[in-house]
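Engineer:
There are 2 protein chains.
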Amino acid sequence: MGLKVCSFNVNSIRARKELILKWLQEKEKNIDILCLQEVKVQEELFPYKDFEEIGYKAVVYSQKAYNGVAVLLRRNIDHIIKGIGDEYFDQQKRVLSVKTGDLWIINVYAPHGDLRGEDKYYYKLDWYRRFSQFLKDNFSPEEKIIMVGDFNVAIEDKDVWNPELLKDSIGTMPEEREAFRNILNWGFVDCFRYLYPDKKQFTWWDYIGGAVWRDEGMRIDYILATKPVVEHLKDIYVDTWTRKRRKPTPSDHAPVIGLFEGIK
Amino acid sequence: MGLKVCSFNVNSIRARKELILKWLQEKEKNIDILCLQEVKVQEELFPYKDFEEIGYKAVVYSQKAYNGVAVLLRRNIDHIIKGIGDEYFDQQKRVLSVKTGDLWIINVYAPHGDLRGEDKYYYKLDWYRRFSQFLKDNFSPEEKIIMVGDFNVAIEDKDVWNPELLKDSIGTMPEEREAFRNILNWGFVDCFRYLYPDKKQFTWWDYIGGAVWRDEGMRIDYILATKPVVEHLKDIYVDTWTRKRRKPTPSDHAPVIGLFEGIK
DNA sequence: GTTTCAGCAG
DNA sequence: CTGCTGAAAC
């Protein structure tokens, strides 16, 4: 009777629909809240029906070709916030907040970024600043909040397979880490690292060169929780069932799954 | 101990590979000579290996994105002619001739054409003239020749589902029919019509509107044979096993299969 | 309706 | 390496 929450960057809901449905039915039958990133589809074209048939209501905030997030759940939907309240940044559909009971779910797809000095490098840092503001404006660390998603930052060196090789690359730069750290400092706990201080576990592996087979990846997908929720954290793990296959082609990310017990 | 010859416009060997292999192994296990059209792939990228594994040697004459033909066979390859000996027309890879024993196989993908007066309308008629010349230059009607392929012409009104509706459309125009008739008159018999003078049987159905389910098609794929071969013709049929399905997506054409008995 | 490509994004 | 778009071809 725990609460099972999943964050999964699917890299296109259309390309991945069959695999996700199979996974939900054969491997992870009792996920309560499924947060998807990079669904890359117009909202009207989201396959609502397929997920309804297995019991999920879908809240979708998305756009054509890029970005797009969705929260699928088997619980009441009591409030929805689409975007971060910024006309400029909300041109890219990256954040969807859904309240169920007294629990907020914030589903995030942070910008990928680029190398230092490039346009997208600055966009990412600016986005993080604006996103911090959004959190401060709408939530309090005293509330029950589970924030999940692809933050496109590996918070520590132990979260990348080869820190020397990947020093100062996208997702490991100190200024990116600081931007993400600000979010945590506001009042979130990194659930995975909280339970497993030393574990090497990645959530993303490059498609190129079959990196997943040598476990050359990064941990950039997170389940974060405010203090009132962390108390209920029971376990958290990365499920490579979808990722470690060739056909049908998987997402380059694996889902992260958190278990919370005794939460209403 | 007959000879089974197949003509199949696959509309991309890469998109269709799995379906064709499945069909060859589950439905048509004993095809001796398989002629493919519109393989749409660079020769280096043709999946030679997959067909070798089930016993076929592949001779490929193809190009990127458009056109491209291949002859797959389980017999000796004694001579190969690529193209029609014309630098201009051979920019489009449409004709591949393979000799096995004293039997010639000529595999043809004729131009699609366009409505009267358009560039591609003239290209098609010009191509037919040049192709006639190629036949005269290289072969004799006294030889054993099986010529197959997508000729993009429905030779008679009974070869289209609605002759009134499709009058003067691509593939039914009198000048296209005359161009194809010239080929037949040189010394080829239309094997299907020879055995079945009145049968309504199409080989192509438009993807649009699910035409195949209402049998709204055209007969534009043929197996032709010179007199010394027609004597051995036993049967000919269109196999809709691949065409009548939704997944994996089939070609818009169905294969035509001819049976010749007592041929060396 | 389906496939191809280039160009872009990740 | 995989995905999406938009145009062109059929």
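First to last, the protein sequences are chains A and B. Heads up: the first sequence is residues 1 to 264, going by the UniProt record's numbering. Heads up: the second sequence is residues 1 to 264, going by the UniProt record's numbering. Where a beta carbon is used, it is the ideal one built from N, C-alpha and C, also for glycine.
Given 8 Å as the limit, is there contact between the stretch 140–153 of chain A and the stretch 94–107 of chain A, that is, 3 or more CB pairs closer than that?
Structural biologist: Yes, the stretch 140–153 of chain A touches the stretch 94–107 of chain A.
Engineer: Looking at C-alpha atoms only, which residue of ASP215/A, TYR121/A, PHE192/A, ARG130/A is the closest neighbour of THR172/A?
Structural biologist: Looking up residue 172/A in the first sequence gives position 172. Of the listed residues, the one whose Cα sits closest to THR172/A is TYR121/A.
Engineer: Please list the terminal residues of the continuous alpha helix (DSSP H) segment that includes GLN25/A.
Structural biologist: Indexing the first sequence from 1 puts residue 25/A at position 25. Note, GLN25/A: alpha helix (DSSP H), 13–26.
Engineer: I believe GLY101/A touches ASP78/A by the beta-carbon criterion, under 8 Å. Please report the beta-carbon distance rounded to the nearest angstrom.
Structural biologist: For this step, residue 101/A is matched to residue 101 along the first sequence. For this step, residue 78/A is matched to residue 78 along the first sequence. Sure, about 7 Å apart at Cβ, within 8 Å.
Engineer: Can you look up ALA65/A in the DSSP assignment and give me helix, strand or coil?
Structural biologist: The sequence position of residue 65/A within the first sequence is 65, counting from 1. ALA65/A falls in the coil class under three-state DSSP.
Engineer: In the DSSP assignment, the alpha helix (DSSP H) including ALA225/B goes from what residue to what residue?
Structural biologist: As a working mapping, residue 225/B is identified with position 225 in the second sequence. Run containing ALA225/B: none in the alpha helix (DSSP H); it sits in the beta strand (DSSP E), 221–225.
Engineer: Are the CB atoms of LYS82/B and TYR61/B nearer to each other than 9 Å?
Structural biologist: For this step, residue 82/B is matched to residue 82 along the second sequence. For this step, residue 61/B is matched to residue 61 along the second sequence. Taking 9 Å as the Cβ cut-off, LYS82/B and TYR61/B qualify as a contacting pair.
Engineer: Give me, in chain order, the residues of the same chain whose beta-carbon lies closer than 8 Å to that of PRO250/B; leave out the 5 immediate sequence neighbours on both sides.
Structural biologist: On the second sequence, position 250 is the one that residue 250/B refers to. Contacts found: ARG16, LEU19, THR242, ARG243, LYS244.
Engineer: Helix, strand or coil for VAL230/B, going by three-state DSSP, please let me know.
Structural biologist: If you number the second sequence from 1, residue 230/B lands on position 230. Helix, per DSSP.
Engineer: Apart from the five residues just before and just after LEU3/B, which ones in its own chain have a Cβ nearer than 6 Å to its Cβ?
Structural biologist: Here residue 3/B is taken as the residue at index 3 of the second sequence, counted from 1. Answer for LEU3/B: ASP32, PHE260, ILE263, listed in chain order.
Engineer: Pick from HIS253/B, PHE180/B, LYS200/B: whose alpha carbon is nearest that of GLY210/B?
Structural biologist: By 1-based counting over the second sequence, the position of residue 210/B is 210. Of the candidates HIS253/B, PHE180/B, LYS200/B, the one whose C-alpha sits nearest the C-alpha of GLY210/B is HIS253/B.
Engineer: Mapping the DSSP letters down to three states, classify ILE155/B as helix, strand or coil.
Structural biologist: Looking up residue 155/B in the second sequence gives position 155. ILE155/B: coil per DSSP, three-state reduction.
Engineer: Assign TRP204/B to buried or exposed, taking buried as 16 or more other Cβ atoms, counted over all protein chains shown, within 10 Å of its Cβ.
Structural biologist: The residue labelled residue 204/B in the question sits at position 204 within the second sequence. Result: buried.
Engineer: Using the C-alpha atoms, what's the distance from TYR56/B back to VAL71/B?
Structural biologist: Here residue 71/B refers to the residue found at position 71 of the second sequence. Here residue 56/B refers to the residue found at position 56 of the second sequence. If I take the Cα positions, the gap works out to 9 Å.
Engineer: Rounded to whole angstroms, what is the Cα-Cα separation between LEU195/A and LEU73/A?
Structural biologist: Counting from 1 along the first sequence, the entry for residue 195/A is found at position 195. Counting from 1 along the first sequence, the entry for residue 73/A is found at position 73. Straight-line Cα distance between these residues: approximately 25 Å.
Engineer: What is the rounded straight-line gap between the Cα of VAL256/B and the Cα of ALA110/A?
Structural biologist: Taking the first residue of the second sequence as 1, we reach residue 256/B at position 256. Taking the first residue of the first sequence as 1, we reach residue 110/A at position 110. Their backbone Cα atoms lie some 54 Å apart in a straight line.
Engineer: Quick one: is LEU165/A buried, meaning 16 or more other Cβ sit within 10 Å of its Cβ, or exposed?
Structural biologist: The residue you call residue 165/A lines up with position 165 of the first sequence. Classification for LEU165/A: exposed.
Engineer: Would TRP127/A be called buried (16 or more neighbouring beta carbons within 10 Å of its own) or exposed?
Structural biologist: As a working mapping, residue 127/A is identified with position 127 in the first sequence. Buried, because 16 or more other Cβ atoms sit within 10 Å of the Cβ of TRP127/A.
Engineer: Using only CA atoms, which one of CYS6/B, ASN152/B, TRP161/B, GLN201/B lies nearest to ARG177/B?
Structural biologist: The residue labelled residue 177/B in the question sits at position 177 within the second sequence. Nearest of CYS6/B, ASN152/B, TRP161/B, GLN201/B to ARG177/B, Cα basis: ASN152/B.
Engineer: Give me the Cβ distance between ILE84/B and ARG130/B, rounded to the nearest whole Å; I'm assuming they're in contact under 8 Å.
Structural biologist: As a first step, residue 84/B must be located in the second sequence, where it is residue number 84. As a first step, residue 130/B must be located in the second sequence, where it is residue number 130. The pair is a contact, with the Cβ atoms about 6 Å apart (cut-off 8 Å).
Engineer: Kindly identify the DSSP beta-bridge partner or partners of ASN107/B.
Structural biologist: Here residue 107/B corresponds to residue number 107 of the second sequence, with the count starting at 1. According to DSSP, ASN107/B bridges with LEU96/B, VAL148/B.
Engineer: GLY258/A: buried (16+ other C-beta within 10 angstroms of its C-beta) or exposed?
Structural biologist: Reading the first sequence from its first residue, position 258 is the one you call residue 258/A. Buried.
Engineer: If you compare alpha carbons, which of TRP23/A, ASP90/A, TYR222/A is closest to ARG181/A?
Structural biologist: Sequence index remark: in the first sequence, residue 181/A carries index 181 (1-based). Closest option to ARG181/A, Cα to Cα, is TYR222/A.
Engineer: If you follow the beta strand (DSSP E) that ILE80/B is in, where does it begin and where does it stop?
Structural biologist: Numbered from its first residue, the second sequence carries residue 80/B at position 80. Segment 79–82, the beta strand (DSSP E) holding ILE80/B.
Engineer: What does the Cβ neighbour count give for TRP213/A, buried or exposed, with the cut at 16 atoms within 10 Å?
Structural biologist: Residue mapping note: residue 213/A aligns to position 213 of the first sequence, counting from 1. The residue in question, TRP213/A, is exposed, as its Cβ has fewer than 16 Cβ neighbours within 10 Å.
Engineer: So the beta strand (DSSP E) LEU34/B belongs to, where does it begin and stop?
Structural biologist: The residue labelled residue 34/B in the question sits at position 34 within the second sequence. Taken as a continuous stretch (DSSP letters only), the beta strand (DSSP E) holding LEU34/B covers 33–37.
Engineer: Can you tell which of GLN37/B, VAL59/B, SER169/B, PHE202/B has the C-alpha that lies nearest to the C-alpha of SER12/B?
Structural biologist: The residue given as residue 12/B occupies position 12 in the second sequence. Measuring from the Cα of SER12/B, the nearest candidate turns out to be GLN37/B.
Engineer: Span of the beta strand (DSSP E) holding LEU40/B?
Structural biologist: On the second sequence, residue 40/B is found 40 positions in, with the first residue counted as 1. The question names Leu, but residue 40/B is Lys in the sequence shown. Here LYS40/B belongs to no beta strand (DSSP E), and DSSP marks it neither H nor E.
Engineer: Taking only the alpha-carbon atoms, compute the straight-line gap between residue 269/A and GLN91/A and give it to the nearest angstrom.
Structural biologist: Look at the range of chain A in this structure, 1 to 264, and you will see that residue 269/A is not part of it.
Engineer: Compare the C-alpha of VAL5/A against each of ASP114/A, LYS136/A, CYS35/A, LYS22/A and name the closest.
Structural biologist: On the first sequence, position 5 is the one that residue 5/A refers to. Nearest C-alpha to VAL5/A: CYS35/A.
Engineer: Per DSSP, which residues does LYS57/B bridge with? Please list them.
Structural biologist: Within the second sequence, numbered from 1, the residue matching residue 57/B stands at position 57. Looking at the DSSP assignment, LYS57/B forms a beta bridge with LEU73/B.
Engineer: Of all the options ASP168/A, VAL39/A, ASP159/A, GLN25/A, which has the alpha carbon lying nearest to the alpha carbon of ILE54/A?
Structural biologist: The sequence position of residue 54/A within the first sequence is 54, counting from 1. The shortest C-alpha separation from ILE54/A is found at GLN25/A.
Engineer: So, VAL98/B versus ILE80/B, is the Cβ gap smaller than 9 Å?
Structural biologist: In the second sequence, the residue the question calls residue 98/B occupies position 98. In the second sequence, the residue the question calls residue 80/B occupies position 80. Yes, they are a contact pair.
Engineer: If we call anything under 9 Å between Cβ atoms a contact, is PHE202/A one with VAL229/A?
Structural biologist: Stepping through the first sequence from its first residue, residue 202/A is reached at position 202. Stepping through the first sequence from its first residue, residue 229/A is reached at position 229. Not closer than 9 Å, so no.
Engineer: So, are the CB atoms of ASP50/A and LEU21/A less than 9 Å apart?
Structural biologist: In the first sequence, counting from the first residue as 1, residue 50/A sits at position 50. In the first sequence, counting from the first residue as 1, residue 21/A sits at position 21. Their beta carbons are under 9 Å apart, which means ASP50/A touches LEU21/A by this criterion.
Engineer: Quick one: measure Cβ to Cβ for ILE155/A and PHE192/A, integer angstroms, because I've assumed they're closer than 8 Å.
Structural biologist: Working through the first sequence from its first residue, we reach residue 155/A at position 155. Working through the first sequence from its first residue, we reach residue 192/A at position 192. Incorrect: roughly 10 Å between the Cβ atoms, too far for contact.
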